[in-house]
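Residue numbers (the working numbering), protein chains in the order written: chain A, 9 to 195; chain B, 26 to 221.
C-beta: ideal position from N, C-alpha, C; glycine also.
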């Protein structure tokens, strides 16, 4: 059994203990630590669109009522205001004789009436019934349309061609015109 | 009789590191006078400790396009621990969705909020690639790793480390509008602990 400490011994012990405690104050016990990190981004203005494939109309009938195409569809996804224009490669919008690889150069035949178009549905909602002539000057199909979300918005439109008794058959060639669609943000 | 007592702690240097090394000592101390008999006992207890080096910089994903799934560079968390440990991750926004941020803070009122939550995945442990299992961030902490064995600390002097790699991805939609000159932001909090 250890003898009782003298007063001096006890004082020394207390000082030693205090010293040890002071030394330990620089070594905090950490069982958990946390850290933060911010993640930032912005969203790029983005538009995706799908357009109709080539349309083979077949033989057109003569008559004022004209020939109406099957519905052509454009689907647009956009996260900013958007619109669609349509135009043709031929200035006056009249279909021109085509030999299968190019427009006929020497005295091509051209239909008497310009191709027409109209927006039939927008997002599944029926639109007006009036056709408008189409030309190399872009015509506005839709403008300032709202953000679509991931489901997108589908435009259905129709083409109309009036054929008269002045228009002659060109087989084995055909009449052709090229449509250009321009879907963009900001208008 | 002479009794010596030494306690050394060596905090690692590094601006982003947290001091987390500790040696706790419970001491019953008696120092004997030259002419006296003395008894001393010394008990050394190693306190569970963990030292972490967090990813060095914030993550800037830049302009992200709807229909794509941009992924961040892998963020490395470097850990030293002398016992079992784990890491949790959480976000400051409910639902883990990035929120419109001006340089001074989140926009209020009517901030824009991304449609989909930011996602995270554990992508490497000790340099070994992991097949990512993407999960939404939220304000509820999720385990990144748990039950990790000690990394070889010996009295806080010879510490091994282990890298934990975390990667983030965002899935913008065509409903998410550009916020410039602001941006979208989420604050991620890591919590490294011993004992889980």
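### Message
For residue 49(A), count the other beta carbons within 10 Å of its own beta carbon; 16 or more makes it buried, fewer makes it exposed. Which is it?
### Response
buried
### Task
Could you check how far apart the C-beta atoms of residue 54(A) and residue 82(A) are, in whole angstroms? I think they sit under 8 Å.
Not really, about 17 Å apart at Cβ, beyond 8 Å.
### Task
Can you pull the chain A residues whose beta carbon is under 9 Å from the beta carbon of residue 92(B), in chain order?
54, 56, 85 and 158
#### Entry: Range of the contiguous beta strand (DSSP E) that encloses residue 158(A)
Element bounds for residue 158(A): n/a, residue is neither H nor E.
### Query
Under 8 Å between the Cβ atoms of residue 193(A) and residue 86(A)?
yes
### Query
What do you reckon, are the CB atoms on residue 100(B) and residue 191(B) nearer than 8 Å?
yes
### With 16 other Cβ atoms within 10 Å as the buried cut-off, status of residue 201(B)
buried
### Query
Taking the alpha carbon of residue 125(A) as the point to measure from, which residue in 101(A), 97(A) and 152(A) has its own alpha carbon closest?
101(A)
### Task
Could you tell me which chain A residues have their CB closer than 8 Å to the CB of residue 88(B), listed as they occur along the chain?
49, 50, 51 and 52
### Query
Tell me which same chain residues have a C-beta within less than 7 Å of the C-beta of residue 120(B), skipping the five on either side of it?
142 and 163
### Task
Ignore the nearest five residues each way along the sequence and tell me which others in residue 74(A)'s own chain have a CB closer than 7 Å to its CB.
168, 169 and 170
### Query
What do you get for residue 63(A), buried or exposed, if any count of 16 or more other CB atoms within 10 angstroms of its CB means buried?
exposed
### Message
Whole angstroms are fine: how far does the CA of residue 140(A) sit from the CA of residue 147(A)?
### Response
9 Å
### Task
Starting from the beta carbon of residue 164(A), find every residue of chain E whose beta carbon is closer than 8 Å, and list them in chain order.
Here chain E cannot be found, since the structure's protein chains are A and B.
### Query
Should residue 108(A) be flagged as near chain B, meaning a C-beta pair shorter than 8 Å?
no
### Query
Quick one: complete beta strand (DSSP E) runs, 3+ long, within the stretch 81 to 126 of chain B?
84 to 89, 100 to 106 and 110 to 116
### Query
Are any of the Cβ atoms in chain A nearer than 8 Å to that of residue 131(B)?
no
### Query
Are the C-beta of residue 37(A) and some C-beta of chain B separated by less than 8 Å?
Because the pLDDT at residue 37(A) is just 45, under 50, the model does not fix this residue reliably, and the value given afterwards should be weighed accordingly. Output row for residue 37(A): interface = yes.
### Sub-8 Å separation of residue 172(B) and residue 105(B) beta-carbons
no
### Task
Would you give the residue range spanned by the beta strand (DSSP E) that residue 211(B) belongs to?
208 to 219
### C-beta atoms of residue 90(A) and residue 184(A) nearer than 8 Å
no
### Message
Would residue 83(B) and residue 211(B) be called neighbours here (beta carbons separated by less than 8 Å)?
### Response
no
### Query
In three-state DSSP terms, what is residue 98(A)?
coil
### Message
Could you give the first and the last residue of the continuous beta strand (DSSP E) run that contains residue 43(A)?
### Response
40 to 51
### Query
Is it the case that the CB of residue 163(B) approaches a heavy atom of the ligand NAP more closely than 7 Å?
Absence of the ligand NAP from the depicted structure is noted, as is the absence of any ligand whatsoever, leaving it without description.
### Query
Using a C-beta to C-beta distance shorter than 9 Å, which residues of chain B count as neighbours of residue 152(A)?
Result: empty, since nearest Cβ-Cβ is about 15 Å, beyond 9 Å.
### Query
Taking Cβ positions, are residue 218(B) and residue 70(B) nearer each other than 8 Å?
no
### Task
Consult DSSP for residue 195(B) and reduce its assignment to one of helix, strand or coil.
coil
### Task
Locate the beta strand (DSSP E) running through residue 67(B), then write down its first and last residues.
66 to 70
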